[in-house]
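Student: These protein sequence lines map, in sequence, to chains A and B. Under numbering that gives the first Met the number 0, read the first sequence as residues 0 to 159, first letter to last. Under numbering that gives the first Met the number 0, read the second sequence as residues 0 to 173, first letter to last.
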Amino acid sequence: MRFLLLAVFVSVSLCGFNARAADNSNPQTEQRIRQLSEKLRCLVCQNQTLADSNAELAQDLRQQLREQVAAGRSDDQILDYLVQRYGDFVLYEPPFKPITVLLWVGPFVLLAAAALVLVAVLRRRRRAPEEPPLGPDEKRLVERVLGPGTPAQERDRGAP
Amino acid sequence: MKRFLWPLAIFILLVGFLAVGLKLDPREVPSPLVGKPAPEFALPVLHQPDKRFAPGDMRGKVWLLNVWASWCVSCREEHPVLLDLAKRDVMPILGLNYKDKGEDAQRWLKQFGDPYQLSVVDADGRIGIDYGVYGVPETYLIDGEGVIRYKQIGPLTQAILDQKVLPLAKALKK
C-alpha cells in the first residue's frame with residue numbers, strides 16, 4: 000500500500016515537474032504543434048494530452064513535433080511516426096480496427112438494445128387487462144365507506 | 000423469482016468485466032515494436048566515448064537491451080536481477096543509458112555493479128523515443144536477426160525473467 004502511494008506521488012510529481020516555456024518561433028507552427036499535441040496522449044501521465052503535460056518525455060515529444068513540423072512533414076506523417084513507436088494508445092481518438100470495433104460500435108448496440116427493451120415493456124403494459132368493473136357487493140362497500148349520495152358510477156370511473 | 004434472473008445475469012457480467020479490468024495494468028501499453036526490427040542507432044559507449052556501438056554489432060546473438068538511468072529509482076530495484084543474470088552468463092545484456100549524465104552513470108555502476116557488456120549513451124533521449132521508451136527501466140529481448148521479441152516495461156523481476164524472458168530466449172537461440 001505504501002509502495003502504491005509512493006508510486007502515485009512520484010508519477011504525479013513527474014507530471015508537474017520541469018515546466019519550461021516553449022520557445023516561440025512562428026505562431027502558425029506553434030498553433031499546429033498545439034493542435035497535434037492535443038490529439039496525443041502523454042504516456043507518463045496517461046490522462047493528460049501531450050499539450051497539457053509537463054513530464055520530461057512530453058517535452059521531448061513536443062520537441063520532436065516541432066522538429067518534424069519544421070521539416071515540413073504532414074500531420075498524418077507525424078502521427079504515424081508516434082504510433083509506430085508508442086502504438087495506438089498514444090492517440091486520444093482510437094482508430095477503427097477489428098480490435099476496437101466493440102469500443103466504437105458497443106455504445107450504439109447498447110442503445111439499440113435498450114430501445115428494444117423499452118418498446119417491449121411498453122407493449123406489454125398496454126396489453127395488460129383493464130381492471131374489471133365493480134360488482135354489486137363492492138359497490139355497496141364503497142357506498143358504506145364514502146357515504147351515500149355520491150353516484151357510484153362516477154366514482155368508479157375516477158378511481159385509479 | 001424469474002424476473003430477477005436477468006438483472007442478476009447482467010450484474011454478474013458487469014462484475015466479471017470490472018474484475019478483469021482491475022487486473023489490467025494501464026501502464027503496460029502494448030508495444031507496437033514487438034515483432035519489428037530493433038531501431039538502428041550508433042551511440043557512444045559510456046566507458047569509451049570515442050567508440051560507438053550499433054545494434055547491428057550483435058547480429059546472430061540473442062541479447063537484452065536494458066534502458067536505465069542513475070536517476071531512476073526502479074532501476075535499483077531490478078539491478079540485482081540483472082547482476083545475477085550477467086553472472087550466470089546466459090546472454091549478453093547491453094545498457095542504454097537514458098537521459099543521464101556520464102559521471103552520474105559511471106558512479107552509479109561503480110556503486111551498484113555493472114551487469115552490462117557495455118552501455119551506450121542516449122543523452123537527449125532521442126533513441127529512447129525510437130524505442131518507444133516512456134518509463135525507465137524498460138528491457139527489450141532482441142533476437143539474432145535483430146528483431147524485438149519481447150518488451151518489458153518497468154523493472155524486470157526474477158519471476159518475469161524465469162517465466163517469460165528466459166524461455167523465449169532459449170527458444171530463439173535454437
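Note that beta-carbon positions come from the ideal geometry of N, C-alpha and C, so glycine has one too.
Need the endpoints of the alpha helix (DSSP H) that serine 36/A sits in, please.
Tutor: That run of the alpha helix (DSSP H) goes 26-37.
Student: Taking only beta-carbon atoms, is leucine 56/A less than 8 Å away from chain B?
Tutor: By this cut-off, leucine 56/A is an interface position.
Student: Is alanine 21/A helix, strand or coil by DSSP?
Tutor: Caution is warranted here: a pLDDT of 47 is assigned to alanine 21/A, below 50, making its placement in the model unreliable, and the coordinate value is therefore given only provisionally. Coil, per DSSP.
Student: Determine contact between the stretch 105-124 of chain B and the stretch 27-35 of chain B, defined as no fewer than three beta-carbon pairs at a distance below 8 Å.
Tutor: Contact fails: fewer than three Cβ-Cβ distances are below 8 Å.
Student: Between arginine 61/A and proline 54/B, what straight-line distance do the alpha-carbon atoms span, to the nearest angstrom?
Tutor: Distance between the alpha carbons of arginine 61/A and proline 54/B is about 27 Å.
Student: Excluding the five sequence neighbours on either side, which residues of its own chain have a C-beta within less than 8 Å of the C-beta of glutamine 162/B, listed in chain order?
Tutor: Closer than 8 Å at Cβ, skipping near neighbours: no residue.
Student: How would you list, in chain order, the residues of chain B whose beta-carbon sits under 7 Å from the beta-carbon of valine 100/A?
Tutor: By Cβ distance, chain B contributes nothing, its closest Cβ being about 17 Å from valine 100/A, past 7 Å.
Student: Any C-beta of chain A within less than 9 Å: which residues of the stretch 108-136 of chain B qualify?
Tutor: Those residues of the stretch 108-136 of chain B that come within reach of chain A (Cβ to Cβ, closer than 9 Å) are Asp123, Gly124, Arg125, Gly127, Ile128, Asp129, Tyr130, Gly131, Val132, Tyr133, Gly134.
Student: Given arginine 58/B, which residues of its chain have a CB within under 7 Å of its CB, disregarding the five upstream and five downstream residues?
Tutor: Closer than 7 Å at Cβ, skipping near neighbours: Gly143, Gly145.
Student: Where tyrosine 85/A and proline 154/B are concerned, what is the direct C-alpha to C-alpha distance, given to the nearest angstrom?
Tutor: Each residue's Cα considered, the two are about 19 Å apart.
Student: Among the candidates Val19/B, Leu82/B, Gln151/B, Arg51/B, whose CA atom is the shortest distance from the CA of lysine 109/B?
Tutor: Nearest C-alpha to lysine 109/B: Leu82/B.
Student: Which residues in the same chain have their Cβ closer than 8 Å to the Cβ of threonine 28/A, if we skip the five residues on either side of it in sequence?
Tutor: Excluding sequence neighbours, threonine 28/A sits near Arg65, Val68, Ala69.
Student: Could you compute how far the alpha carbon of valine 80/B sits from the alpha carbon of valine 82/A?
Tutor: Their Cα atoms are separated by approximately 31 Å.
Student: With DSSP run on the structure shown, which of helix, strand or coil describes valine 89/A?
Tutor: The answer is helix: DSSP assigns valine 89/A an H, G or I state.
Student: If you measure beta-carbon to beta-carbon, which residues of the stretch 42-72 of chain B are closer than 7 Å to chain A?
Tutor: Result list empty, no residue passes.
Student: To the nearest angstrom, how far is the alpha carbon of glycine 94/B from that of glutamine 45/A?
Tutor: Taking the straight line joining both Cα atoms gives about 26 Å.
Student: Quick one, are the C-beta atoms of valine 28/B and leucine 39/A less than 8 Å apart?
Tutor: Result no, Cβ atoms of valine 28/B and leucine 39/A do not sit closer than 8 Å.
Student: Please state if the CB of leucine 171/B and the CB of valine 61/B are separated by a distance shorter than 8 Å.
Tutor: For valine 61/B and leucine 171/B, yes; Cβs fall inside 8 Å.
Student: Quick check: what's the CA-CA separation for tryptophan 70/B versus leucine 117/A?
Tutor: Each residue's Cα considered, the two are about 58 Å apart.
Student: Determine the direct distance from the alpha carbon of leucine 7/B to that of tryptophan 107/B, and round the result to whole angstroms.
Tutor: Near 57 Å, if we compare the C-alpha coordinates of leucine 7/B and tryptophan 107/B.
Student: Can you give me the C-alpha to C-alpha distance between proline 166/B and threonine 138/B, rounded to a whole angstrom?
Tutor: Looking at the two C-alpha atoms, the distance is approximately 16 Å.
Student: With a floor of 3 residues, list each beta strand (DSSP E) that falls wholly inside the stretch 91-143 of chain B, ordered by position along the chain.
Tutor: If we require 3 residues or more, the beta strand (DSSP E) runs fully inside the stretch 91-143 of chain B come out as 92-97, 117-121, 137-141.
Student: State the start and end residues of the unbroken beta strand (DSSP E) segment that holds arginine 148/B.
Tutor: Its beta strand (DSSP E) spans residues 147-152.
Student: Quick check on valine 144/A - is its C-beta less than 8 Å from some C-beta in chain B?
Tutor: Chain B, which has no Cβ nearer than 8 Å to the Cβ of valine 144/A, makes this no.
Student: Starting from valine 28/B, find everything on chain A with Cβ-Cβ shorter than 9 Å and list it in chain order.
Tutor: Within chain A, the residues near valine 28/B are Leu42, Gln45, Tyr85, Gly86, Phe88, Val89.
Student: Distance cutoff 8 Å, beta carbons only. Does glycine 15/A sit that close to anything in chain B?
Tutor: Its pLDDT being 49, under 50, glycine 15/A is placed unreliably in this model, and the value from its coordinates should be taken loosely. No, glycine 15/A lies away from the interface with chain B (no Cβ there is under 8 Å from its Cβ).
Student: Grouping DSSP H, G and I as helix and E and B as strand, with all else coil, what is threonine 156/B?
Tutor: Note: threonine 156/B maps to coil in three-state DSSP.
Student: Between the alpha carbons of tyrosine 149/B and alanine 158/B, how many angstroms are there, rounded?
Tutor: Those two C-alpha atoms are separated by around 15 Å.
Student: Out of curiosity, what's the CA-to-CA distance linking alanine 20/A and aspartate 113/B?
Tutor: Note that alanine 20/A has pLDDT 44, beneath the 50 cutoff, so the model's placement of it is unreliable and the number below is only indicative. When rounded, the distance between both Cα atoms is 38 Å.
Student: Which word fits valine 132/B, buried or exposed, when buried means at least 16 other C-beta atoms lie within 10 angstroms of its C-beta?
Tutor: Under this definition valine 132/B is a buried residue.
Student: Would you say glutamine 34/A reaches chain B, if we count a Cβ-Cβ gap shorter than 8 Å as a contact?
Tutor: It does not; no Cβ of chain B falls within 8 Å.
Student: Where does the unbroken beta strand (DSSP E) through leucine 64/B begin, and where does it stop?
Tutor: That run of the beta strand (DSSP E) goes 62-67.
Student: Consult DSSP for alanine 8/B and reduce its assignment to one of helix, strand or coil.
Tutor: The answer is helix: DSSP assigns alanine 8/B an H, G or I state.
Student: Using 8 Å for Cβ pairs, my map puts leucine 140/B next to leucine 63/B. What's the rounded Cβ distance?
Tutor: Indeed, because the Cβ distance is near 6 Å, the residues count as touching under 8 Å.
Student: If the cut is a Cβ gap below 8 Å, which residues of chain B does glutamine 63/A touch?
Tutor: Ile128, listed in chain order.
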